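J.: One structure follows; several queries about it will come next.
2 protein chains.
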Amino acid sequence: MHILLTNDDGVDAPGLLALAQAMRRLADVTVLAPDHNWSASGHVKTLHRPLRVRATALADGSPAMTTDGAPSDCVALAILGLVERPIDMVISGINPHANVGHDVTYSGTVTAAMEAAISGLPAMAVSLDSAEVPSSAEAYRTAAEIARLLAERVLRHRLPPAVLLNINVPLRTRDELRGIALTRQGLRVYRDALVRREDPRGRPYYWIGGEAPTGILDQGTDLWALSEGWVSVTPLQLDLTAYPALDSLSALTLPI
Amino acid sequence: MHILLTNDDGVDAPGLLALAQAMRRLADVTVLAPDHNWSASGHVKTLHRPLRVRATALADGSPAMTTDGAPSDCVALAILGLVERPIDMVISGINPHANVGHDVTYSGTVTAAMEAAISGLPAMAVSLDSAEVPSSAEAYRTAAEIARLLAERVLRHRLPPAVLLNINVPLRTRDELRGIALTRQGLRVYRDALVRREDPRGRPYYWIGGEAPTGILDQGTDLWALSEGWVSVTPLQLDLTAYPALDSLSALTLPI
Chain Z
1 MHILLTNDDG
11 VDAPGLLALA
21 QAMRRLADVT
31 VLAPDHNWSA
41 SGHVKTLHRP
51 LRVRATALAD
61 GSPAMTTDGA
71 PSDCVALAIL
81 GLVERPIDMV
91 ISGINPHANV
101 GHDVTYSGTV
111 TAAMEAAISG
121 LPAMAVSLDS
131 AEVPSSAEAY
141 RTAAEIARLL
151 AERVLRHRLP
161 PAVLLNINVP
171 LRTRDELRGI
181 ALTRQGLRVY
191 RDALVRREDP
201 RGRPYYWIGG
211 EAPTGILDQG
221 TDLWALSEGW
231 VSVTPLQLDL
241 TAYPALDSLS
251 ALTLPI
Chain B
1 MHILLTNDDG
11 VDAPGLLALA
21 QAMRRLADVT
31 VLAPDHNWSA
41 SGHVKTLHRP
51 LRVRATALAD
61 GSPAMTTDGA
71 PSDCVALAIL
81 GLVERPIDMV
91 ISGINPHANV
101 GHDVTYSGTV
111 TAAMEAAISG
121 LPAMAVSLDS
131 AEVPSSAEAY
141 RTAAEIARLL
151 AERVLRHRLP
161 PAVLLNINVP
171 LRTRDELRGI
181 ALTRQGLRVY
191 RDALVRREDP
201 RGRPYYWIGG
211 EAPTGILDQG
221 TDLWALSEGW
231 VSVTPLQLDL
241 TAYPALDSLS
251 ALTLPI
């Protein structure tokens, strides 16, 4: 069994280290991760410039590779042949913050798993629901163990085609977790605000700032599960068609 | 009526010019588009650096704004207050190539419309199914007229909440179009390949290359509609939950 690991925080992130250490007890592991942070970078396919890849090591001395490409590029590079051994599964993470609600379309962690699913591989994105960015791998241990357990179950039971798992783990000890809940994507409430500043030459520039997003805690959603102490597992599909809307939109097809 | 236009090819792209000229006959138009090409850039929210905005003009002399942010940043900047007048609709395009199948998760054109839908605004992404990149606005005229007609219908009939339209127009004259078809997202077959090269110092670098993607032409899909000469209108939803998969995944929730 051979698992590819990547993330969007960069190869030195402690969440990746904890994930690698947990997964090595389940399978052979190859790590290929970006050389810098790609948070909120979305689903990228770098076609306009070549990508560099170099050997490096995680903080525990284990071998890894890193590239100047995006998280989804890491998956594409590995699957397209940079990694010679066939890959059985792709896991992305562990992100220090939850990826819930509409976050999933921005998230480099989730879109790396999407890239794997597009290629037909089982894929999981794993995130820790932490307000701060934990600086040591220790804080990610429980989430990493949960990810290993879910990876085992996925390899045993398989996933439906074109479906990936978006996993979010509360920042709790294993004893404090209530269990694993299958959830649906919830609704984030973004509280972004535009901050206008002027540079020393009097020219304006703008930050997309504001407060951290909140969420609507409807029962059964990813946001609700985390707030109640459950590990949230949301199956995501690559088909974004709004099937329920098709009937209501027939007026759009009037003759032109 | 006030429509915001953006794209992912940059403010100077002829597809944006054609779109602006068509939409100005329907509503007041504000153009805010990236200052360079962001193709295959995905859904970006630029939080780690400030964004510059400057006034410019389209090739017909009409006013526009441009920024060093991504297409989705353009939408966020405008909605968050850079554009003072309330926005009734957001249209992104016209992209010179089709955005069909799994393209929609990579596409800057589509994710700009997603950003608008997240903020609750009616939104459309418009793409021309051209193999080459047409260099004049003329090639985009028919697609722009179809976009105007669909924008009128959307403003009259509204869209369901959290749904955006992904519109693809064949490269044909209006007389040659068969009509407008409501479609579902089809299946792209990517034929990416890894190309390994060495720089003058003997160090390897990699291109994600290969041939253009093909598609599976199942009836009712975006790919099928284009191949048959129909304008393809696919409603996309922001909720990626794989509802049909939920039942089959209950084994994942066994006690931990």
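So the sequences go chain by chain: Z and B. In case it helps, the numbering used here puts the first sequence at residues 1 to 256. In case it helps, the numbering used here puts the second sequence at residues 1 to 256. Every residue gets a Cβ at the ideal spot worked out from N, C-alpha and C, and that includes glycine. Quick caveat: nothing in here was measured; it's all calculated off a predicted structure.
1) Under DSSP, the beta strand (DSSP E) around Glu84(Z) begins and ends at which residues?
2) For the beta strand (DSSP E) holding Pro255(Z), just list the boundary residues, first then last.
3) Taking Cβ-Cβ distances below 7 Å as the criterion, which residues of the segment 74 to 98 of chain Z are in contact with chain B?
4) What's the gap between the Cα of Leu32(B) and the Cα of Leu128(B)?
5) According to DSSP, simplified to helix, strand and coil, what is Thr221(B)?
6) Are the segment 46 to 54 of chain Z and the segment 169 to 182 of chain Z touching, with three or more C-beta to C-beta distances below 8 Å?
7) For the beta strand (DSSP E) containing Arg191(B), name the first residue and the last one.
8) Arg197(B) touches chain Z at which residues, Cβ-Cβ below 8 Å?
9) Return the CA-CA distance between Ser227(B) and Val100(B), expressed in angstroms with no decimal places.
10) Helix or strand or just coil, what does DSSP make of Thr30(Z)?
11) Drop a sphere of 10 angstroms on the beta-carbon of Ala131(Z), count the other beta-carbons inside from all chains shown, and report buried for 16 or more, exposed for fewer.
12) Can you find a CB in chain B that lies within less than 8 Å of the CB of Tyr140(Z)?
13) Are the CB atoms of Pro235(Z) and Val163(Z) within a distance shorter than 8 Å?
14) Could you work out which residue in Asn166(B), Thr142(B), Ala57(B) and Arg196(B) is closest to Leu177(B) when comparing CA atoms only?
15) Is the shortest distance between the beta-carbon of His36(B) and the beta-carbons of chain Z less than 8 Å?
16) Report buried or exposed for Pro63(B), applying the criterion of at least 16 other Cβ atoms within 10 angstroms of its Cβ.
17) Between the segment 83 to 94 of chain B and the segment 133 to 147 of chain B, are three or more C-beta pairs nearer than 8 Å?
18) Got a sec: is the Cβ-Cβ distance from Trp207(Z) to anything in chain B below 8 Å?
19) Of the choices Cys74(B), Ala57(B) and Pro14(B), whose alpha-carbon is the least far from that of Leu4(B)?
20) Taking the C-alpha atoms as reference points, what is the distance between Thr56(B) and Gln219(Z)?
21) With hydrogens ignored, establish whether the beta-carbon of Pro14(B) is closer than 7 Å to any heavy atom of the ligand NAP.
22) Answer yes or no: does any C-beta atom of chain Z fall closer than 8 Å to that of Ala251(B)?
23) Give the secondary structure of Pro96(Z) by DSSP, where H, G and I count as helix, E and B as strand, and everything else as coil.
24) Please compile the residues from chain B whose C-beta is within a distance smaller than 9 Å of the C-beta of Gly263(Z).
25) Taking Cβ positions, are Gly69(B) and Pro34(B) nearer each other than 8 Å?
26) Taking the CB atoms as reference points, tell me whether Pro71(Z) and Trp207(B) lie closer together than 8 Å.
27) For a contact defined as C-beta to C-beta under 8 Å, what are the partners of Gly179(B) on chain Z?
28) Are any of the Cβ atoms in chain B nearer than 8 Å to that of Asp239(Z)?
29) Could you have a look at Asp175(Z) and say whether DSSP puts it in helix, strand or coil?
30) I need the straight-line Cα distance from Arg52(Z) to Tyr205(B), nearest angstrom please.
31) Rounded to whole angstroms, how far is the Cβ of Val231(Z) from the Cβ of Ala181(Z), which I believe are closer than 8 Å?
32) Taking Pro235(B) as the query, report the chain Z residues whose CB atoms sit under 8 Å from its CB, ordered along the chain.
33) Going straight from the alpha carbon of Leu19(Z) to that of Ile79(B), what length do you get?
34) Taking 6 Å as the limit between beta carbons, can you name the residues of its chain near Arg59(B), skipping five residues before and five after?
35) Please go through the same chain and pick out, in chain order, the residues whose beta-carbon is closer than 8 Å to the beta-carbon of Leu187(Z), but skip the five residues on each side of it.
36) Taking a contact to mean a Cβ-Cβ separation below 8 Å, would you say Ala113(B) touches Ala98(B) in this structure?
T.: The short version:
1) In the first sequence, counting from the first residue as 1, residue 84(Z) sits at position 84. Here Glu84(Z) belongs to no beta strand (DSSP E), and DSSP marks it neither H nor E.
2) As a position in the first sequence, residue 255(Z) is number 255, starting the count at 1. Counting along the chain, Pro255(Z) falls outside any beta strand (DSSP E), and DSSP gives it neither H nor E.
3) Ala76, Leu77, Leu80, Gly81 and Leu82
4) Here residue 32(B) refers to the residue found at position 32 when the second sequence is read from its first residue. Here residue 128(B) refers to the residue found at position 128 when the second sequence is read from its first residue. If I take the Cα positions, the gap works out to 20 Å.
5) Along the second sequence, read from residue 1 onward, the residue named residue 221(B) stands at position 221. Three-state DSSP puts Thr221(B) in a strand.
6) no
7) For this step, residue 191(B) is matched to residue 191 along the second sequence. Run containing Arg191(B): Leu187 to Glu198, per the beta strand (DSSP E) assignment.
8) Numbered from its first residue, the second sequence carries residue 197(B) at position 197. What Arg197(B) touches in chain Z: Pro50.
9) Here the question's residue 227(B) lines up with position 227 in the second sequence. Here the question's residue 100(B) lines up with position 100 in the second sequence. So the alpha carbons of these two residues sit roughly 12 Å apart.
10) Residue 30(Z) sits at position 30 when you count from the first residue of the first sequence. Strand.
11) Taking the first residue of the first sequence as 1, we reach residue 131(Z) at position 131. Its Cβ having fewer than 16 others within 10 Å, Ala131(Z) is exposed.
12) In the first sequence, the residue the question calls residue 140(Z) occupies position 140. Not one chain B Cβ lies under 8 Å of Tyr140(Z).
13) Indexing the first sequence from 1 puts residue 163(Z) at position 163. Indexing the first sequence from 1 puts residue 235(Z) at position 235. Cβ atoms of Val163(Z) and Pro235(Z): closer than 8 Å.
14) Counted from its first residue, the second sequence places residue 177(B) at position 177. For Leu177(B), the nearest C-alpha among the options comes from Thr142(B).
15) Within the second sequence, numbered from 1, the residue matching residue 36(B) stands at position 36. It does not: the Cβ of His36(B) has no partner Cβ on chain Z nearer than 8 Å.
16) The residue labelled residue 63(B) in the question sits at position 63 within the second sequence. Classification for Pro63(B): exposed.
17) yes
18) Here residue 207(Z) corresponds to residue number 207 of the first sequence, with the count starting at 1. So, interface residue.
19) Numbered from 1 along the second sequence, position 4 holds the residue referred to as residue 4(B). Among Cys74(B), Ala57(B) and Pro14(B), the Cα nearest to that of Leu4(B) is on Cys74(B).
20) The residue labelled residue 56(B) in the question sits at position 56 within the second sequence. The residue labelled residue 219(Z) in the question sits at position 219 within the first sequence. Each residue's Cα considered, the two are about 48 Å apart.
21) The ligand NAP is not part of this structure, which contains no ligands at all.
22) Your numbering for residue 251(B) matches position 251 in the second sequence. Yes - at least one Cβ of chain Z is within 8 Å of the one on Ala251(B).
23) Counted from its first residue, the first sequence places residue 96(Z) at position 96. DSSP places Pro96(Z) in coil when its eight states are reduced to three.
24) Residue 263(Z) cannot be examined here, being either before or after the span of chain Z that is shown, 1 to 256.
25) Here the question's residue 69(B) lines up with position 69 in the second sequence. Here the question's residue 34(B) lines up with position 34 in the second sequence. Yes, the Cβ-Cβ distance between Gly69(B) and Pro34(B) is below 8 Å.
26) The sequence position of residue 71(Z) within the first sequence is 71, counting from 1. The sequence position of residue 207(B) within the second sequence is 207, counting from 1. No.
27) Taking the second sequence and counting its residues from 1, the one referred to as residue 179(B) is at position 179. The contacting residues are Thr253, Pro255 and Ile256.
28) Residue 239(Z) sits at position 239 when you count from the first residue of the first sequence. Interface residue, yes.
29) The count along the first sequence starts at 1 and reaches residue 175(Z) at position 175. If DSSP states are grouped into helix, strand and coil, Asp175(Z) belongs with the helices.
30) The residue you call residue 52(Z) lines up with position 52 of the first sequence. The residue you call residue 205(B) lines up with position 205 of the second sequence. Each residue's Cα considered, the two are about 5 Å apart.
31) Taking the first residue of the first sequence as 1, we reach residue 231(Z) at position 231. Taking the first residue of the first sequence as 1, we reach residue 181(Z) at position 181. Confirmed, about 7 Å.
32) Translated into positions along the second sequence, residue 235(B) becomes position 235. Residues of chain Z passing the Cβ test: Thr241, Ala242, Ala245, Leu246 and Leu249.
33) Position 19 of the first sequence, counted from the first residue, corresponds to residue 19(Z). Position 79 of the second sequence, counted from the first residue, corresponds to residue 79(B). If I take the Cα positions, the gap works out to 38 Å.
34) Position 59 of the second sequence holds residue 59(B). The question names Arg, yet the displayed sequence has Ala at residue 59(B). Cβ neighbours of Ala59(B) beyond the five flanking positions: Leu17.
35) The sequence position of residue 187(Z) within the first sequence is 187, counting from 1. Excluding sequence neighbours, Leu187(Z) sits near Gly101, His102, Gly215, Ile216, Asp218, Thr221 and Leu223.
36) Counted from its first residue, the second sequence places residue 113(B) at position 113. Counted from its first residue, the second sequence places residue 98(B) at position 98. Not in contact: Ala113(B) and Ala98(B) (Cβ atoms no closer than 8 Å).
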